[in-house]
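Numbering-wise, the working numbering puts 40 at position 60 of the sequence shown, and it's gapless, one number per residue.
See below for the structure under consideration.
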Amino acid sequence: MTSAHSKLYSNDVSLVVVVVDTNPFFWAAAALPFADFFANLVHFVNSLLLLNHLNRVVVIAAGVSSCAYIFDSSDASPAGGVGVTATFDKASRKVEEFIAQDARATAGNGSVASANAASLLSGALSLALCWCLDIQRIFRSGTRHPQPRILCLQGSPDGPEQYVAVMNSIFSAQRSMVPIDSCIVGTQDSAFLQQASYITGGVYLKPQELNGLFQYLAAVFATDLHSRTFLRLPKTLGVDFRASCFCHKKTIDMGYVCSVCLSIFCKNQKKCSTCGSEFSRVMPDLNSMPDQSK
Ligand SMILES: [Zn+2]
Ligand SMILES: [Zn+2]
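Here you go:
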């Protein structure tokens, strides 16, 4: 009986890490002001916490030059005298502080100054995974084994220079069975997050109407992993599987792959810059491959 009860708990408990894009370059030009977006997020997090008292939510801000934890629902225990409202007030102050701090870091970093600057998704995903693996370890010792998941709310474009780090995080999430959900609040699709959700079995969604953001979040992303098996959630229509070359961090359609370490290059190399393998034969030119059918 105990096992059935604990199984029920483990089925509908949600342990969620929300990665929030706070990139000021994106939000300055976005259709939805950041304050409105943040209000939607607070309602969403609150709804998640109300669904089940065992649910836990952590919010991580991803800026241009840095990322940080800004909210942890375990800090808001009614017994401890700190209510959820107070914790959200603290979170909104924390996110403002974070944005200011990140802006100073970006100003000091001469390499990022363009309006097309990407957010530090790779760093935020790593932080999110650390929390997920940590919570998996905590629950492993008990009778309940709920699976944590990650939700990325991204608006700014992908940073091709983060390709390797992002893919490593995606594969690590896949191995740990942590689904990565993606909700795109910008105008462009994200190839990184399409791949992340596809590979980890998460949901990828680019809402048509951002004014109804809360409805999308509540109807699609609030559902726990067990309930998802009974629902018809949005399916990704196409995934952009293009990779970035390791030499110039450019997105490429076709490239050369090291047969030893699988590093990707846009041009023919004599030696792999990642693992040092020397290629004895010149690799064939991809555009003049011999026709195998003859
Ligand atoms: Zn290259
Ligand atoms: Zn190699």
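Beta carbons are placed, not taken as given, at the ideal position from N, Cα and C, and that holds for glycine.
Nothing here was measured: the structure is a model prediction, and the numbers come from that model.
Counted within 10 angstroms of its Cβ, other Cβ atoms place alanine 233 as buried (16 or more) or exposed: Start at 1 with the first residue of the sequence shown, and residue 233 comes out as number 253. Looking at the sequence shown, residue 233 is not alanine but aspartate. Residue environment analysis places aspartate 233 among the exposed positions, since fewer than 16 neighbouring C-beta atoms fall within 10 angstroms of its C-beta.
Which residue's Cα is closest to the Cα of glycine 218: Glu189, Leu185, Ala198? In the sequence shown, the residue the question calls residue 218 occupies position 238. If you compare the alpha carbons of Glu189, Leu185, Ala198 with that of glycine 218, the shortest gap goes to Leu185.
Could you pull the start and end residues of the beta strand (DSSP E) that glutamine 188 belongs to? Counting from 1 along the sequence shown, the entry for residue 188 is found at position 208. Counting along the chain, glutamine 188 falls outside any beta strand (DSSP E), and DSSP gives it neither H nor E.
Span separating the alpha-carbon of serine -6 from that of leucine 131: Counting from 1 along the sequence shown, the entry for residue -6 is found at position 14. Counting from 1 along the sequence shown, the entry for residue 131 is found at position 151. Put simply, the backbone Cα of serine -6 is about 12 Å away from that of leucine 131.
In the DSSP assignment, find the alpha helix (DSSP H) that holds alanine 42 and state where it starts and stops. By 1-based counting over the sequence shown, the position of residue 42 is 62. That residue, alanine 42, is in no alpha helix (DSSP H); its beta strand (DSSP E) goes 36 to 42.
For a test of the three-state rule: what should DSSP assign to alanine -16, helix, strand or coil? Taking the first residue of the sequence shown as position 1, residue -16 is located at position 4. Summary for alanine -16: the model assigns pLDDT 38, below 50, so the residue's position carries little reliability; its value from the coordinates is reported in the next sentence. DSSP places alanine -16 in helix when its eight states are reduced to three.
Following the continuous beta strand (DSSP E) through arginine 129, name the residue where it begins and the one where it ends. Against the sequence shown, residue 129 aligns to sequence position 149. Unbroken beta strand (DSSP E) run through arginine 129: 128 to 134.
Let's see if you can read the secondary structure: which residues bound the beta strand (DSSP E) around alanine 98? Taking the sequence shown and counting its residues from 1, the one referred to as residue 98 is at position 118. Per DSSP, alanine 98 belongs to no beta strand (DSSP E) and is neither H nor E.
Just mark asparagine 96 as buried or exposed, buried being the case when its beta carbon has 16 or more other beta carbons within 10 Å. Within the sequence shown, residue 96 is the residue found at index 116, counting from 1. Counting Cβ neighbours within 10 Å, asparagine 96 comes out exposed, since fewer than 16 surround it.
Leucine 242 by DSSP, collapsed to three states: which one? Taking the sequence shown and counting its residues from 1, the one referred to as residue 242 is at position 262. Coil.
Going by the CB atoms, is the gap between proline 140 and lysine 247 shorter than 9 Å? In the sequence shown, residue 247 corresponds to position 267, counting from 1. In the sequence shown, residue 140 corresponds to position 160, counting from 1. If you check the CB distance, lysine 247 and proline 140 do not come in under 9 Å.
Does the beta-carbon of threonine 2 have 16 or more other beta-carbons within 10 angstroms, so that it is buried, or is it exposed? As a working mapping, residue 2 is identified with position 22 in the sequence shown. Classification for threonine 2: buried.
Taking 8 Å as the line, does the beta carbon of valine 240 fall inside it for any heavy atom of ligand 2? To locate residue 240, count along the sequence shown from 1; it is residue 260. Checking every heavy atom of ligand 2 against the Cβ of valine 240, one is found closer than 8 Å.
Quick one: what does DSSP say glycine 60 is sitting in, helix, strand or coil? Here the question's residue 60 lines up with position 80 in the sequence shown. In this prediction, glycine 60 scores a pLDDT of 46, lower than 50, which makes its location untrustworthy; the coordinate-derived value is nonetheless stated afterwards. In the three-state DSSP reduction, glycine 60 falls in the helix class (H, G or I).
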